[in-house]
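Residue numbers (the working numbering): 618 to 1090.
Idealized CB from N, CA, C, for every residue including glycine.
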């Protein structure tokens, strides 16, 4: 089985069982979608500065499954949170400020942006939804974008709409800005919506142009290690970094009497000159230096990987972490410890924090034959130094979001239900046989046989004689 098929076979039956258990037999139309998490190989905190990033999709992600509901109320259940939200479809965007940044705000915001884009058709019927998946939440692999893009892909299928990929990514980004109050860049949503199997993608966050590059094949593997320190981007240091970048750009514009669009348009020489002239604080200088040099490292890393120069790519990843730690100050002691431990292992070509920071994961470029030894060493040494147990994902680049064909899973679920009903008929038949009511017993055994073949349509209860099932003609 492919990783895609394996994940589907593990998550979809579970999600379908939850959907039926909570909301009864689905009413057509029924739809399901998947969107992966992502790991950014290099290019961190450059996306909201219109720079370059180099992410890839994971083979893990978020599934959204649901069906049409009666009435006017939508219900959404999160398996990870074990919580349900209930809302009127007409008021989906009415989110209190205190609720922004919680998982319901991501869900409701995504639905609201979809409704704004496609119009009144969304109000034609409500739905019941189950969210499930196989990736860590708050681990720096963009579970939020995975949720947003999966949900919007589900809505496309449910309502028979199709969005252009870049438009879908921009709508999901807007949902996070407006409803979750996180001023994220476009990287996560765009790669999650449009990723290519077997390839990382250099993304120009200004033009949204993407360049796929094969990576992680043959001699090297991508190893993602979760520090198990979770981050929350809402109301955190993340919005502060966005503001600090604006202030850095303002200082450069003031010095040169220009109006540059973003730090993407600034050279390191200009940053240095503005700082030396006293127009930029040391903090603003450090923030700008990271963004400018990170853009340079990201483009160089793409060229290196295109040429199979994994040593250079790994060295650039390590330099990226140093910049994120010292200039951008978005790492933490546990993540720094993981990077130090990983970097010291034979076979690790480079290692860095990935994601917004303040916890989460690191990503390492590792020689394929050393992966098992490296994984064991990192786990042992991190536990000894931090008291925490880290987890690892060894992966190759996965594909982007997709609609999921539920046909075989619904048929499988229906078969399970038929077996349950057949067992019930057998038990009832045995009871009649023991009481000497042979004719009734034979009738139950007869229905048991046809139930197993899927040829029975129930039309009522099954006690003695009345309300028995009817054999389909």
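Check, Outcome
"Backbone secondary structure at residue 579 - three-state DSSP", "The requested residue 579 does not occur in the structure, where the chain is confined to residues 618 to 1090."
"For residue 705 and residue 994, the rounded distance between their alpha carbons", "51 Å"
"For residue 869 and residue 796, believed in contact at Cβ under 8 Å, the rounded distance", "Their Cβ separation, rounded to whole angstroms, is 32 Å, which puts residue 796 and residue 869 out of contact at 8 Å."
"Helix, strand or coil at residue 743 according to DSSP, with G and I counted as helix", "coil"
"Own chain residues within Cβ distance below 7 Å of residue 652, not counting five before or after", "678, 679, 763, 766, 767, 770, 809 and 1018"
"Residue burial classification, residue 633 (beta-carbon count within 10 angstroms, cutoff 16)", "buried"
"Residue burial classification, residue 745 (beta-carbon count within 10 angstroms, cutoff 16)", "buried"
"Contact under 8 Å by Cβ, residue 900 with residue 860", "no"
"Distance, residue 840 Cα to residue 1078 Cα", "Here residue 1078 scores only 41 on pLDDT, less than 50, and its place in the model should not be relied on; the value that follows carries that caveat. Taking the straight line from one Cα to the other gives about 56 Å."
"Neighbour-count burial assignment, residue 1074, 16 or more Cβ in a 10 Å radius", "Residue placement at residue 1074 cannot be trusted, given a pLDDT of 43 that sits under 50; what the coordinates show is reported in the next sentence. Burial call: exposed."
"CA nearest to the CA of residue 867, picked from 897, 936 and 1051", "897"
"Whether residue 879 touches residue 914 by CB criterion (8 Å)", "no"
"For residue 565, the residue or residues it bridges with in DSSP", "Outside the shown range of the chain (618 to 1090) lies residue 565, about which nothing can therefore be said."
"First and last residue of the uninterrupted alpha helix (DSSP H) at residue 958", "950 to 960"
"Residue from 912, 881 and 865 with nearest C-alpha to residue 890", "865"
"As assigned by DSSP and simplified to three states, the class of residue 758", "coil"
"Alpha helix (DSSP H) segments (min. 4 residues) lying fully within the segment 797 to 864", "804 to 811"
"The segment 947 to 966 in contact with the segment 687 to 703 per 3-pair CB rule at 8 Å", "no"
"Touching by the beta-carbon criterion (3+ pairs, under 8 Å), the segment 625 to 640 and the segment 664 to 672", "no"
"Start and end residues, beta strand (DSSP E) containing residue 727", "No beta strand (DSSP E) holds residue 727; the alpha helix (DSSP H) holding it covers 720 to 735."
"Those residues which DSSP pairs with residue 705 across a bridge", "690"
"Same chain only: Cβ atoms within 8 Å of residue 985, ignoring 5 sequence neighbours per side", "835, 836, 837 and 838"
"Residue 1036 classed as buried or exposed, judged by whether at least 16 other C-beta atoms fall within 10 angstroms", "exposed"
"Top-ranked residue by Cα proximity to residue 672, from 825, 876, 992 and 816", "816"
"Whole-angstrom distance between residue 727 and residue 788, CA atom to CA atom", "8 Å"
"Residue 672 (DSSP reduced to helix, strand or coil)", "strand"
"Outcome for residue 790 when other beta-carbon atoms lying within 10 angstroms are tallied against a minimum of 16", "buried"
"Beta-ladder partner(s) of residue 982, from DSSP", "839 and 967"
"Rounded C-alpha distance that separates residue 888 from residue 872", "10 Å"
"Unbroken beta strand (DSSP E) run spanning residue 712, endpoints", "No beta strand (DSSP E) contains residue 712, which DSSP labels as neither H nor E."
"Assumed close pair residue 969, residue 934 - CB separation to whole angstroms, cut-off 8 Å", "5 Å"
"Residue 749 (DSSP reduced to helix, strand or coil)", "strand"
"Residue burial classification, residue 657 (beta-carbon count within 10 angstroms, cutoff 16)", "buried"
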